[in-house]
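Undergrad: When the sequence shown is numbered by my numbering, its final residue is 938 and no position is left out of the sequence of numbers.
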Amino acid sequence: MNDRILLGLLAGSTLLGGCREGKQKMADARPNVVLIYADDLGIGDLSCYGAAKIETPHLDSLAEEGIKFTNAFSTSAMSTPSRYGLLTGIYPWRKENTGIAPGNSGLLIDTATVTIADIFQRAGYATAAIGKWHLGLGPSSGPDFNGYISPNTRDIGFDYEFLIPATVDRVPCVFVEDGRVVNLDPADPIQVDYEKKVGNWPTGEENPELLKMKPSQGHNNTIVNGISRIGYMTGGTAALWKDEQIAHTILNQAEQFITNNREHPFFLFLGTHDIHVPRVPHPDFKGKSGMGDRGDVILQLDWTVGRIRAILQEKGLLENTLIIFSSDNGAVIDDGYQDKAFELLNGHTPMGIYRGGKYSLYDAGTRVPFIVYWQDRIKAGLQEGRFSQIDLFRSLAALVHQSPDKHIAFDSRNRIDILLGEADADRDFVVQQNLNNTLGIIHEEWKYMEASNHPERESWTRIELGNHPRSQLYQIREDPSETTNVAEQHPEVLKKMATALDSIRTINTMQP
Ligand code: NG6
Ligand code: CA
427 MNDRILLGLL AGSTLLGGCR EGKQKMADAR PNVVLIYADD LGIGDLSCYG
477 AAKIETPHLD SLAEEGIKFT NAFSTSAMST PSRYGLLTGI YPWRKENTGI
527 APGNSGLLID TATVTIADIF QRAGYATAAI GKWHLGLGPS SGPDFNGYIS
577 PNTRDIGFDY EFLIPATVDR VPCVFVEDGR VVNLDPADPI QVDYEKKVGN
627 WPTGEENPEL LKMKPSQGHN NTIVNGISRI GYMTGGTAAL WKDEQIAHTI
677 LNQAEQFITN NREHPFFLFL GTHDIHVPRV PHPDFKGKSG MGDRGDVILQ
727 LDWTVGRIRA ILQEKGLLEN TLIIFSSDNG AVIDDGYQDK AFELLNGHTP
777 MGIYRGGKYS LYDAGTRVPF IVYWQDRIKA GLQEGRFSQI DLFRSLAALV
827 HQSPDKHIAF DSRNRIDILL GEADADRDFV VQQNLNNTLG IIHEEWKYME
877 ASNHPERESW TRIELGNHPR SQLYQIREDP SETTNVAEQH PEVLKKMATA
927 LDSIRTINTM QP
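1) For the beta strand (DSSP E) holding N458, just list the boundary residues, first then last.
2) Whose C-beta lies closer than 6 Å to the C-beta of F819 among residues of the same chain, with five residues either side of it excluded?
3) Classify L845: buried if its beta carbon has 16 or more other beta carbons within 10 angstroms, exposed otherwise.
4) Among the residues of its own chain, which have a CB less than 7 Å from the CB of T909, if the five just before and after it don't count?
5) So the alpha helix (DSSP H) H484 belongs to, where does it begin and stop?
6) Would DSSP call I606 helix, strand or coil?
7) Taking the alpha-carbon of Q617 as reference, which of Q828, D486, G657 and K668 has the nearest alpha-carbon?
8) State the beta-bridge partners of L467 as determined by DSSP.
9) Does the beta-carbon distance from H708 to A680 come in below 8 Å?
10) Can you give the beta carbon distance from M923 to W872, rounded, assuming they're within the 8 Å contact cut?
11) Around the C-beta of S929, are 16 or more other C-beta atoms found within 10 angstroms, so that it is buried, or is it exposed?
12) Run through DSSP, which three-state label would T935 get?
13) Please state whether the Cβ-Cβ distance between N755 and G791 is less than 8 Å.
14) Quick one: give me the first and last residue of the alpha helix (DSSP H) that E631 is part of.
15) Could you name the residues whose beta carbon sits closer than 7 Å to any heavy atom belonging to ligand 1, keeping them in chain order?
16) Please tell me whether M983 and P704 are closer than 8 Å, where the distance is taken between their beta carbons.
17) For Q671, is the classification buried or exposed, using 16 other Cβ atoms within 10 angstroms of its Cβ as the cut-off for buried?
18) Identify which residue in N863, E904 and G583 has its Cα closest to the Cα of L893.
19) Would you tell me roughly how many angstroms separate the C-alpha atoms of R688 and T675, rounded to the nearest one?
20) Leaving out five residues on either side along the sequence, give the residues of the same chain with a beta carbon under 8 Å from the beta carbon of R896.
21) At what residues does the alpha helix (DSSP H) containing S821 begin and finish?
22) Name the DSSP beta bridge partners of W872, please?
23) Exposed or buried, M538, counting other C-beta atoms within 10 Å across all chains shown (16 or more means buried)?
24) Which two residues bound the contiguous alpha helix (DSSP H) that contains R734?
25) Less than 8 Å between the beta carbons of I867 and V856, yes or no?
26) Any idea what DSSP makes of Y517, helix, strand or coil?
27) What does DSSP give as the partner residues of R883 in its beta bridges?
28) Three Cβ pairs or more, each shorter than 8 Å: is that satisfied between the stretch 481-489 and the stretch 758-766?
29) With distances taken from CA atoms, which of Y788, R883, Q859 and A849 is nearest S821?
30) Let me know if E447 comes out buried or exposed under the rule of 16 or more other beta-carbons within 10 Å of its beta-carbon.
31) Between the stretch 580-598 and the stretch 554-564, do three or more beta carbon pairs fall short of 8 Å?
Rendered as structure tokens:
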């Protein structure tokens, strides 16, 4: 943050200290922060990003009245690593085991690591993680779902948690609240195994006739609510979620947290399940998009965002709340269930003009919608320069007047000026990561992708991953769809980009 803004914020907080009268009235007096992190939402999935076949009015008005970023990136093309990067300000590929986590993974963020939630706590905020987590829980041997799960997010800076432990297509299909499975009957303990079947609940593989949604890839283990998942489970019947209700459950928890903290500054990390698979819309949205379940859950996501904004408004908090909306990775169409996502697209282009998709090193893997809204405080605008979610850590820290030590969040840079619309987004280097931890880097008009011996496609993703035995180079200013590899024509650029990536990988060159 530049000094002017810092001084402004500091002055604001002292001057306005006396105006609070128990209610969060004035803008700039320790704003609340609500970070809504959607799942698998593509750069082309919202009408404010050019989608013509679907209407997302709530997100559109957020984008219209706030700042819409058109060149924003997640740190990775999958959920677990992107969340790791977002919450720690450290690139996930620096740490082992931040690939797609199973539902019985231990907590992947070391409790000694300072997270953005820790920073908010230091600033006197109440903090919560609500919704999709996907960074593991419990010790490295895995969580005990029948007892108190420790460590949990309360050991890494959150005061309150209400979590989908991994993903909705992975067992166990239960919520965890403050270290305990919600509604667990001790007489019906949960067992989870990712290797072999446990108990006698039917699986998609053995009993496909019981399925209301069939898998297209994998997803053929234990059946819960007529949908077969990844992994085996048994027990915990009273605790099982209902897929149709998940968006509402998450929203209700968010509303409660907001209500409980309406007189106190708060940070809410809200991970939606939408629009990840299995896509099972609530009846209010079923069939409403004309694009099948994938479209319906986009409407459901849009509704969730609209409700969050309305709740903040109802509580008198909207003018003092910074809302950030983004996605953990780019779009995927068929992600393992036969939900007719391809067949019903009707011309909709979730990846926009970009190549690849979720899992990929091509741009559609990490290029995501990114909207910032703060009523009255932020002027409506467009940010067309580059921005990476890795910078949220230090930017939000600066917003709440914290300056973390250099060894903390060392890949993150403070660009609160960009988030507040007071400077143009202009990240010099954007680092990208695909399913195989192959890295890419965007700099000036170039995009470089390092060589990789992994297959160019994996059958189960059906998406070009960007792995290639030779490094690739694209002139993305003229060729944003990455159609033509120009590595051979520009050997010096290739070398320069490779060196830049190497230096980021080995020493961190991005010290704030
Ligand atoms: C993959 C799953 C996919 C999704 C993904 C994680 C198969 C065939 N595919 O392994 O459905 O769950 O993992 O998605 O099992 S993420 O957005 O949470 O990273
Ligand atoms: Ca995801």
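Backbone N, C-alpha and C define an ideal beta-carbon position, used for all residues, glycine too.
TA: Quick look at the numbers:
1) N458 to A464
2) G515, I542, A835 and S838
3) buried
4) none
5) P483 to E491
6) Rather than Ile, the amino acid found at residue 606 in this sequence is Arg. In the structure shown, R606 sits in a strand (DSSP, three-state: E or B).
7) G657
8) Answer is none; L467 lacks a bridge partner.
9) no
10) 6 Å
11) exposed
12) Confidence in T935 is poor, its pLDDT being 45 and thus under 50, which makes the residue's placement unreliable; the coordinate value appears in the next sentence. In the structure shown, T935 sits in coil (DSSP, three-state: anything other than H, G, I, E or B).
13) yes
14) No alpha helix (DSSP H) holds E631; DSSP gives it neither H nor E.
15) D465, D466, M504, S505, T506, I526, H560, T593, D595, R596, Q643, G644, H645, I656, H702, V703, D754, N755, D761, G762, K784 and W886
16) With the chain covering 427 to 938 only, the question about residue 983 has no answer from this structure.
17) exposed
18) Sequence check: residue 893 is Asn here, not Leu. That would be N863, whose Cα lies nearest to the Cα of N893.
19) 20 Å
20) A877 and A913
21) L818 to L825
22) H869 and Q901
23) Note that residue 538 is Ala in the sequence shown, not Met. Classification for A538: exposed.
24) The sequence shown places Ile at residue 734, not Arg. It spans G718 to E740 - the alpha helix (DSSP H) in which I734 sits, taken as one unbroken run.
25) yes
26) coil
27) E890
28) no
29) A849
30) In this predicted model, E447 has a pLDDT of only 39, less than 50, meaning its place in the structure is not dependable; the value taken from the coordinates is given anyway. When all chains shown are included, E447 counts as exposed.
31) yes
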